[in-house]
Structures are given as structure tokens and as C-alpha cells.
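First comes the structure, then the notes that go with it.
Protein chains: 2
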Amino acid sequence: MTAIPQRELNRLAKQRRILDAALAVFAAEGYSGTSMDAIAAKAAVSKPTLYQYFGTKEQLFTEIMLAERNTMLLAFDRPGTDMVAELHSFAWHYADTVMRPEFLSLARLIIGEAQRFPEIGRAYQAAGPDRVLAGMITYLTRQREAGKLTFDDAELAAEDLWGLILSAPRNQALHLPDRIPTREQLARYINNGLRVFLKAYATDPARDLAQLQTITGTP
Amino acid sequence: MTAIPQRELNRLAKQRRILDAALAVFAAEGYSGTSMDAIAAKAAVSKPTLYQYFGTKEQLFTEIMLAERNTMLLAFDRPGTDMVAELHSFAWHYADTVMRPEFLSLARLIIGEAQRFPEIGRAYQAAGPDRVLAGMITYLTRQREAGKLTFDDAELAAEDLWGLILSAPRNQALHLPDRIPTREQLARYINNGLRVFLKAYATDPARDLAQLQTITGTP
DNA sequence: TAATTACTAAACTGATCAGTAAAATATTTT
DNA sequence: AAAATATTTTACTGATCAGTTTAGTAATTA
Numbered sequence: 040m041t042a043i044p045q046r047e048l049n050r051l052a053k054q055r056r057i058l059d060a061a062l063a064v065f066a067a068e069g070y071s072g073t074s075m076d077a078i079a080a081k082a083a084v085s086k087p088t089l090y091q092y093f094g095t096k097e098q099l100f101t102e103i104m105l106a107e108r109n110t111m112l113l114a115f116d117r118p119g120t121d122m123v124a125e126l127h128s129f130a131w132h133y134a135d136t137v138m139r140p141e142f143l144s145l146a147r148l149i150i151g152e153a154q155r156f157p158e159i160g161r162a163y164q165a166a167g168p169d170r171v172l173a174g175m176i177t178y179l180t181r182q183r184e185a186g187k188l189t190f191d192d193a194e195l196a197a198e199d200l201w202g203l204i205l206s207a208p209r210n211q212a213l214h215l216p217d218r219i220p221t222r223e224q225l226a227r228y229i230n231n232g233l234r235v236f237l238k239a240y241a242t243d244p245a246r247d248l249a250q251l252q253t254i255t256g257t258p
Numbered sequence: 040m041t042a043i044p045q046r047e048l049n050r051l052a053k054q055r056r057i058l059d060a061a062l063a064v065f066a067a068e069g070y071s072g073t074s075m076d077a078i079a080a081k082a083a084v085s086k087p088t089l090y091q092y093f094g095t096k097e098q099l100f101t102e103i104m105l106a107e108r109n110t111m112l113l114a115f116d117r118p119g120t121d122m123v124a125e126l127h128s129f130a131w132h133y134a135d136t137v138m139r140p141e142f143l144s145l146a147r148l149i150i151g152e153a154q155r156f157p158e159i160g161r162a163y164q165a166a167g168p169d170r171v172l173a174g175m176i177t178y179l180t181r182q183r184e185a186g187k188l189t190f191d192d193a194e195l196a197a198e199d200l201w202g203l204i205l206s207a208p209r210n211q212a213l214h215l216p217d218r219i220p221t222r223e224q225l226a227r228y229i230n231n232g233l234r235v236f237l238k239a240y241a242t243d244p245a246r247d248l249a250q251l252q253t254i255t256g257t258p
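Heads up: the sequence lines are chains A and B, in that order. Sequential numbering from 40 applies to the first sequence in the working numbering. Sequential numbering from 40 applies to the second sequence in the working numbering.
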């Protein structure tokens, strides 16, 4: 049996406990509103231990945020039988990720602290939105090459798809934490967004819209 | 001459000075990050005076936010020669309002504190986005009645228009306060957004797209 | 001018917070 | 079991903060 030192295990476990607790408290209270005592209490760890693991409050905060960006995403590889099914699958997968309450809390935190911690805003943008966008661009470009879509600027097309599907419910959820859209409401946005996208970008909109209807059911 | 008591004038002037100072500090530092001393200093007012005008920090904060929502908007009455020109004019007017640095700071503040102050998030949503949306719905419905647009759900159409035009640059600006889009970049989003919207919603897309090009210049 | 009212400066209360120090205790390794 | 290491408890420092008190000063009104 390979020696996995016990100390290291403990250390990592404790580290994870601290990070989880800190993320929860930061997301709920904001940076300035969070006390290190509160984090220590939530992590069931003494304050000196906390400081031994992460030198300062600021370091802890940035480490969490930079760690969290990796959890974030999430390639654009939604295998499906055809483009419409793939787009539909992607839309739901992305919505289910991005509209989760914890995820929204994190987004609110990042936006709220973007002025005080510009590097975190930048890291988030690069690891989240930019990466998703890159995946979408690749995918949409491949569909254009296959003759299914038509556009000049792949980046704009990808941003349009995103905006059509999720901007409305997400913006609302950012302002109203206690009124996060239900799946029915999300379905309304997603189905409509895909419809508009296909209408504007598909080479054969009629066929793709029909295909979309077989997927989403008759309205 | 009608008697306008001097005392009242002084009072109102001082109140305004406090509100302006407080808004600036809150927007820059967040709620928890802002001290009443800092506000008093910025407003050039003593702390007891501050407390006489606004009982507590929380009261001051909510009063500012609820006052600010009125500044916010901004009916959808952009008189123009035709629908395309009106849409174009609205898009720019709205972008110029919403993408101003102070406005973005305020939005970040509201989003960041939405969990701690749900009523403020609600007030903002009602006074800002919801009101704009209502104006857009009215306008789009009138255009549908005039036979220029076609859609079932006016709310979805309005949200699509918004999402196509501004969701990408605004989301980015929320994360990256030091990289607010230039007017050239905004033009790219707006022109593309209008193009896609007309393609999906106009009854005569070809004509309207041509009209759009005469407005925006040849690409 | 006299009375009233609004304001200020300065100090203070009680609480909270980031971060540290010291000594005691548990855990792991040898 | 002994030595080394990690962690905890408790208590502390110095700073900051919301909110108040006091006593004095300036501006307004009558």
C-alpha cells in the first residue's frame, strides 16, 4: 500500500472545510460583512488555525474565488442527435448550473466586490463567461461549416444565444434572491430564446423550428 | 415675494449634500465597507448632524436607494421617423444611461447587497428594469398592431430586444469596472442586436434591415 | 437685541474585528 | 513510550465602527 501520509489527509480535509465555510459566509454576508471569527466558527476550526492555513482575510478571499472559478465550467460538449437537440441540451445544462442559488450568490459577491478586487472580477470573467463563450464559438463555427448556421461574427452569435436564453431570468435573479425562476419559467425563456436564435441564424429555420417543437412538446 | 424660509433651504441643501456623499461612498465601498464617519467627512458635516438627518446607517442606505430609483428612468418615447430609427435611438439612449460608470457602480452595489436588503433589490427591479420593460412592451405592441412586427408574447419580445442589445456589454462591465466598453464596442453590439431582432421579429425583415443599414452606415 | 434653533467639535461607550501570543492538549511519527 | 508536530483554548492588542453625550458656537427669527 502506497503511503498516503495521514497528516496530509487531515490537512487537506481541514483546508476544504475552511474553504467551504468561508465561501458560504462570504456569499451570504459580503466581504466586509464577513468576520474571520464567523468563518472559524462555521468551519469548526480555531482562529489561529485559520490564520495558519490562510495568512490574511484578503488572501483567503482571493484563494476561494480563484479556486471557485475552476468549479465553474463546463465545456460545451453536449452530445446529441442533431444541432437543435444539442443546443437545447446545452441551454438546460447551462441554466441548471448558472441559476443555482449558490452560484447566484457567488456571482452577486463577485459583482459587489469587483471594484475592491478587480483581479477577482477579471479571473471570474476569464474562467466563466469567457470560457463558455469560447466553447460556444467553437461549436457554432462547426455548425456553420456543416451548413446549418449562417453568420459573420461567431462571437456575436454566441453572445446573442446567451443573451436570448438567460439574460432575462438571470438579471432578475441577481436582484431578487428570493424569487429565483422555476423550471417552468426557465423553460419559457429557453424555448423562446432558441426559437429566436434559430429564426435569425439557421440556414433552414423552418426545419429547425419544427425540430425544436418536437423536442419541447407542442405549445 | 413669497416667503421661502431660509432654514428650510439650508436643510434641503445639506440633506442633498449628505445624500450625494453617501451614494458616492456606498457605491465605492459597499454597505459594510462604508463608515458613517467617512460619509460625514465627505459631506463636510458633523456626525451628529448626519444622525439627526438620517436616524441610522440602514435608514440612510435605504433612503438613498429608494430615492435613486426615480433618477433611474426614462420612458420609452424616442420619437423618430420610423420604427427602425426609433429602435436605434432607444438603444443608444438606454445604453448611454445604463453604461455610465456611476450607474454601473450603483447596479453593483444593489446586486451585492440584494441578499441583505431584499426590499432594495425589489424596489430597483420595479423602478428600473420592470418600468423599461413595460415601456418596451407598449411600444412593441403598437408596432405589431401597425403590422410591422409579429410575435405572440410581447414580454418575451421585449426581453429579447434588451438581451440582444445590452446583456453582453453590461454583464462584462459589471465584472470588469476598469474596462467599460467604448462607444465603438457598444455600436457593434447594438447594430448586431437590432439586426437579429428585426430578422426574428419584423414582418418585412429585408426592408427593415436595409433601413437599419442606412442609419448605421455601411459595414 | 434676545430667544430660538441648528450645527459643530470632541470625546466617549460598547461592541466588533483582524491578527497575535502563550500555554495546554491532542495527534502522529519514530 | 518519547519526540515532534499540529491544533486548540483563552486571552490579548490595537484599531474601527455605530451611535450618543456634552458643551459650546453660529445662524436664523422675532
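We put the beta carbon where it would ideally sit given N, CA and C, even for glycine. A quick note: this is a predicted structure, and the numbers were derived from the prediction, not measured.
Problem set entry | Listed by chain order, chain A residues near residue 202 of chain B by CB distance under 7 Å | 202, 203, 206, 207
Q: Would you please verify whether the beta carbon of residue 147 of chain B is less than 8 Å from any beta carbon of chain A?
A: yes
Give me whichever residues DSSP pairs with residue 188 of chain B in a beta bridge. B:241
*Relative to the alpha-carbon of residue 138 of chain B, which residue among B:62, B:208, B:169, B:50 has its alpha-carbon at the smallest distance?*
B:208
Alpha carbon of residue 71 of chain B to alpha carbon of residue 103 of chain A, nearest angstrom: 20 Å
Quiz item: Over what stretch of residues does the alpha helix (DSSP H) that includes residue 91 of chain A continue unbroken?
Solution: 86-92
Check your understanding: chain A beta carbons: is any one of them nearer than 8 Å to that of residue 278 of chain B?
Key -> Because chain B is modelled from 40 through 258, residue 278 of chain B falls outside the range shown and cannot be assessed.
Practice prompt. Note the first and the last residue of the continuous alpha helix (DSSP H) segment covering residue 128 of chain B.
Written response: 122-137
Requested in this report: Assign residue 282 of chain A to buried or exposed, taking buried as 16 or more other Cβ atoms, counted over all protein chains shown, within 10 Å of its Cβ.
Outcome: Here chain A comprises residues numbered 40 to 258, so residue 282 of chain A is not present and cannot be evaluated.
Strictly below 8 Å CB to CB, what residues from chain B border residue 214 of chain A? 149, 150, 153, 160, 161, 163, 164, 168
Q: Determine whether the Cβ of residue 123 of chain A lies closer than 8 Å to any Cβ atom of chain B.
A: no
- What residues of chain A sit near residue 198 of chain B, judged by a beta carbon separation below 7 Å? 207
So with CB distances below 7 Å, who are the chain B contacts of residue 217 of chain A? 157
Legend entry - Closest by C-alpha distance to residue 53 of chain A, when choosing among A:89, A:142, A:69, A:68: A:89
Give me, in chain order, the residues of the same chain whose beta-carbon lies closer than 8 Å to that of residue 58 of chain A; leave out the 5 immediate sequence neighbours on both sides. 102, 103, 106
- Task: Residues of the segment 66-98 of chain A with a CB closer than 7 Å to any CB of chain B: list them in chain order, please.
- Result: 67, 69, 71, 72
**Asked** Which same chain residues, not among the five before or five after residue 224 of chain B, have their C-beta less than 8 Å away from its C-beta?
**Response** 208
Helix, strand or coil for residue 259 of chain B per DSSP?
Since the first residue of chain B shown is 40 and the last is 258, residue 259 of chain B is not available in this structure.
Exercise. Taking the CB atoms as reference points, tell me whether residue 67 of chain A and residue 216 of chain B lie closer together than 8 Å.
Key: no
Problem set entry | Minimum Cβ-Cβ distance from residue 41 of chain B to chain A less than 8 Å | Low confidence applies here, because residue 41 of chain B scores a pLDDT of 48, under 50, leaving its location unreliable; read the following figure in that light. It does not: the Cβ of residue 41 of chain B has no partner Cβ on chain A nearer than 8 Å.
Problem set entry | Element boundaries [alpha helix (DSSP H), containing residue 71 of chain B] | Looking at the DSSP string, residue 71 of chain B is not in any alpha helix (DSSP H), and its letter there is neither H nor E.
Worksheet item: Got a sec, what are the start and stop residues for the alpha helix (DSSP H) residue 16 of chain A sits in?
Response: The structure shown does not extend to residue 16 of chain A, since chain A is modelled only from 40 through 258, so no value can be given for it.
message: Could you compute how far the alpha carbon of residue 166 of chain B sits from the alpha carbon of residue 61 of chain A?
response: 34 Å
State the CB to CB distance for the pair residue 203 of chain B and residue 199 of chain A, rounded to an integer number of angstroms; the pair is presumed to be in contact (CB under 8 Å). 6 Å
(message) Taking 8 Å as the threshold (C-beta atoms), are residue 79 of chain B and residue 86 of chain B in contact?
(response) yes
* Burial state of residue 140 of chain A (16 or more Cβ within 10 Å) -> exposed
Candidates B:150, B:135, B:132, of which the one nearest residue 214 of chain A by Cα:
B:150
request  = Can you tell me which of the three DSSP states residue 48 of chain A falls into?
outcome  = helix
**Prompt:** Hey, residue 100 of chain B and residue 129 of chain B are a contact pair by Cβ (cut 8 Å); roughly how many whole angstroms apart?
**Reply:** At roughly 32 Å, the Cβ-Cβ gap does not stay under 8 Å, so residue 100 of chain B and residue 129 of chain B are not in contact.
Inset, instruction - Please classify residue 118 of chain A: is it buried, with 16 or more other beta-carbons within 10 angstroms of its beta-carbon, or exposed? - result: exposed
Under 8 Å between the Cβ atoms of residue 168 of chain B and residue 210 of chain A?
-> yes
Next item on the list: Express the C-alpha separation of residue 120 of chain A and residue 227 of chain A in angstroms, rounding to a whole number.
Entry: 23 Å
- Task: Could you work out which residue in A:232, A:73, A:81, A:108 is closest to residue 95 of chain A when comparing CA atoms only?
- Result: A:73
Q.
Once the 5 residues before and after residue 235 of chain B are set aside, which same chain residues still bring their CB inside 8 Å of it?
A. 203
Counting C-beta neighbours from all protein chains within 10 Å, is the total for residue 185 of chain A 16 or more, i.e. buried, or is it exposed? exposed
### Query
For residue 233 of chain A and chain B, any beta-carbon pair shorter than 8 Å?
no
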